Each structure stands twice: as C-alpha cells, then as structure tokens.
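**Student:** Attaching a single structure in structure tokens format; questions to follow.
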Amino acid sequence: MDQPVKIAVAGSGFGRKVALPVYQELDEFEPVAVWSRRPERARELADDIGVPLGTSDLDELLSVPGLEAVHVATPVTTHAEFAMAAAERGLHVMCEKPLANDLAEARRIVDAIRAAGVVGAVDYELRLKDVRRRLIERAREVVGRPRMVSVSLIRSDHADPYTRSHTWVHDATLGGGRLQGYGVHDLDLVLEIFPDVEAVAAATEVGVPLRTAGEDDDELRPVTAEDTYVVLLRFRGGGLGTVSMAATARHDRGDVIEVHGDEGTVRLDADRRLWWGRAGEELQCEGPFEASSTAAFSRVAKSFWSAIREGGVAEPSLEEGLRVQAVFDAARIADAERRWVRPEPVASPA
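Under the numbering used here, the first residue of the sequence shown carries the number 676, and numbering increases by one thereafter.
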C-alpha cells in the first residue's frame, strides 16, 4: 500500500484494544499518535505500541505533521468536541458509536464534517461480523414485512461488583450504560432490515449498583448507568421488535436473534448457526459463522481508507449513525418518561 493514511487514535479503551492493533496491522494505515486523558497513560500507550506521540492535549494530537485522520474513541459525551475539532482542522473522522450524546449533538458533528469536506464514518462494526452480515442478507431475501423481531443478549461480565472495574461506562453523566455499549449495535442491525420505526418504548435498570474501582483498589463506586435494558419497537405499517440485554446474568449465553415476517423466518441461535426459510418450507441451517470484532472492524477501517483515497461514502455512514441516534434518543426519553416516543425523522442514508 503506497498511500497509507496517517491516523491518530483518541481513547485508550476500544482504541487501545481493537482500533490501534487493526490500524497497525493494515497496510492502509499508519498510526502516528494516541490520546488519553492522563498524560502518563498516553505516553505509556505510545511506547507500548510504538507510535511517535502519546498526549493528553487535543491540540497537540491534531497538530501532528502529516496527520490525515482521527479515530474518536473517547467517552460519548466528548465525541462532539473531538470530532468537530478534527473536522475543523480538515481531518477525516472515524467516530465510535453512538455518534454523540444526543441527536442534536450528532447533527452538529455531521454538519461539521460535511462543511469541512472530509470523510466521516461511524463504527457500527458488529453488523460487519460474518454472522450478522449473513443474517441481514437472509432476512432481506426471505422475511418480507415485519411481524416480530427479537434481539436478546445475555452476559455475565457485570454479575457482581468485582467482575468488571468501574469506568466511564458505568457513569450515566459520561454517557455510559450497556444500551450505548451494545444496544445501539442491535438497533443498527434491526434498522438495516426494517428502517421504518414508528415509536419506541424502553425500560432500563441498574442490577449491580456498586463496582470495584480497580484491581488494586477495594473501594466500591456507585454505578449510575444501566446494566440491563429492554427496548420495544413498533414498526410503521405493523410489526413489533424487542432489543434486550442482561449483563448481570450468572451464566453467559450466545446472542439469539429472530426475525419473523409475513413471508419467512431467519433465526440466529446461541451457537452462531443461522436458520432460515420461506413460508411453507423447512428451515435450512448454515454455520456456525465467525464472529470476530477485530475482523469486523478491519472491514470498517478498509471502507474508511477507500472513501478517503478513492472517494465515495464510508460504511457505516454518518447518515446511518444519525438513524440509530434518533431511535437511541427515543429509547432514552421513553425510559425516563415511561411512554411511547416517536423518533425524530432523519434523512435517509445516501
């Protein structure tokens, strides 16, 4: 690859675990800087991965000579600050999901990227896992109009105060919660198949209200962001959907997704096998399928590079990010006010 994109990564969570290793592995990218809130953590991370700069200063990050793009993997409430600052410097922007803290803020990010004439993308990489890509393809082939959609996630990683250390993900004021961590991916999946959501209801809960501060700290900190949720969707023209997660279960179970329509059925079982068939047919089975988040993000990154170097729209697109954001916002309002909420309309994806 003779034209690698020089990229900086802001954030030491997903950015460190997934994004940076993928960018380092791909010939399409050259990581040149990393940002973390704590200066010592930023320098340590830069040394560990072998990039020239580790900093806690956003302006310094954006001023790296030759820098072309920034991956924003900071807490949700800071996405707008980082993404808009990057766009205003003429830098391409890859933003973690959800795009922003709310739809109004997400629109400002998109407006800034469009005004700068740079490439923008939102990292809904889970839809690009082999298993979910195949599910979407089969659903479009055989399901028809929606009758019932169900996405159910059962995890045990938050089952007690010591299974996961307290981070921004457990703080509602920083945009934390499992709904922003996992639920938005599943809303993105549903909207890829049935994009016309008329109304949303939701309920969330904090099942484990205290969490350890860290491996070497026995202090228990309060959890204010949900570890359990159920989102109910009503599709325009008929059909219902549920998107749910319990992160506090005592036993894990693989994702179970069912898509039932007036013409057929697609079902993903907990062993990543896909069952599908049209009305009047026996269900056929495929799989099990690969479900690597790293491989899925690699596909997102390559699409980002292609849009930068060759033109076109990166996938998942900013418009798709706005689409999910509108339903996510509706779910938050519905949970707080205990009522059905109509998502704000957004432009259809280009």
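Just so you know, even glycine gets a beta-carbon here, dropped at the ideal spot from N, CA and C.
As the structure is a prediction and not an experimental result, all values here were calculated from the model.
Looking at the structure shown, is W1015 part of a helix, part of a strand, or coil, going by DSSP?
**Tutor:** In the structure shown, W1015 sits in coil (DSSP, three-state: anything other than H, G, I, E or B).
**Student:** Considering just the uninterrupted stretch of the alpha helix (DSSP H) at R713, what are its terminal residues?
**Tutor:** It is not in any alpha helix (DSSP H) - R713 carries neither H nor E in the DSSP assignment.
**Student:** For L907, list the residues DSSP reports as bridge partners.
**Tutor:** A876 and T917, per the DSSP bridge assignment.
**Student:** Do you know how far the Cα of N776 is from the Cα of V1016?
**Tutor:** Cα-Cα distance, rounded: 18 Å.
**Student:** Look up I788 in the DSSP assignment and give the residues it is bridged to.
**Tutor:** I788 pairs with nothing; no bridge assigned.
**Student:** Quick one: Cα of A758 to Cα of T969, how far?
**Tutor:** Straight-line Cα distance between these residues: approximately 23 Å.
**Student:** Can you list, in chain order, the residues of its chain with a C-beta nearer than 8 Å to that of A924? Leave out the 5 residues immediately preceding and following it.
**Tutor:** Within the same chain, A924 has close Cβ partners I829, R830, S831 and A834.
**Student:** If I follow the unbroken alpha helix (DSSP H) through H860, where does it start and stop?
**Tutor:** Unbroken alpha helix (DSSP H) run through H860: V859 to I868.
**Student:** DSSP three-state label for L885, please.
**Tutor:** In the structure shown, L885 sits in a strand (DSSP, three-state: E or B).
**Student:** Thinking C-alpha only, which one of E715, A790 and E938 is nearest M823?
**Tutor:** The residue with the shortest Cα to Cα distance from M823 is E938.
**Student:** If you draw a straight line from the C-alpha of R1014 to the C-alpha of V906, how long is it?
**Tutor:** Distance between the alpha carbons of R1014 and V906: 12 Å.
**Student:** Just to check my reading of the structure: A748 and A694 have Cβ atoms closer than 8 Å, yes? What is that Cβ distance to the nearest angstrom?
**Tutor:** Contact holds; Cβ gap of about 6 Å.
**Student:** Kindly indicate which three-state DSSP category K619 falls into: helix, strand or coil?
**Tutor:** No answer is possible for residue 619: the residues shown for the chain start at 676 and end at 1025.
**Student:** Out of V999, P821 and W980, state which residue places its alpha-carbon closest to the alpha-carbon of D702.
**Tutor:** Answer by Cα proximity: W980.
**Student:** Do the CB positions of H841 and R896 come within less than 9 Å of each other?
**Tutor:** Contact flag set, yes.
**Student:** If you run the structure through DSSP and keep just helix, strand and coil, what is A651?
**Tutor:** Here the chain has residues from 676 to 1025 only, and residue 651 is not among them.
**Student:** Could you tell me which residues DSSP pairs with K681 in its beta bridges?
**Tutor:** DSSP output for K681 lists E705 as bridge partner(s).
**Student:** Taking its Cβ as the centre, do 16 or more other Cβ atoms sit within 10 Å of D1010, making it buried, or is it exposed?
**Tutor:** Its Cβ being crowded by 16 or more others within 10 Å, D1010 is buried.
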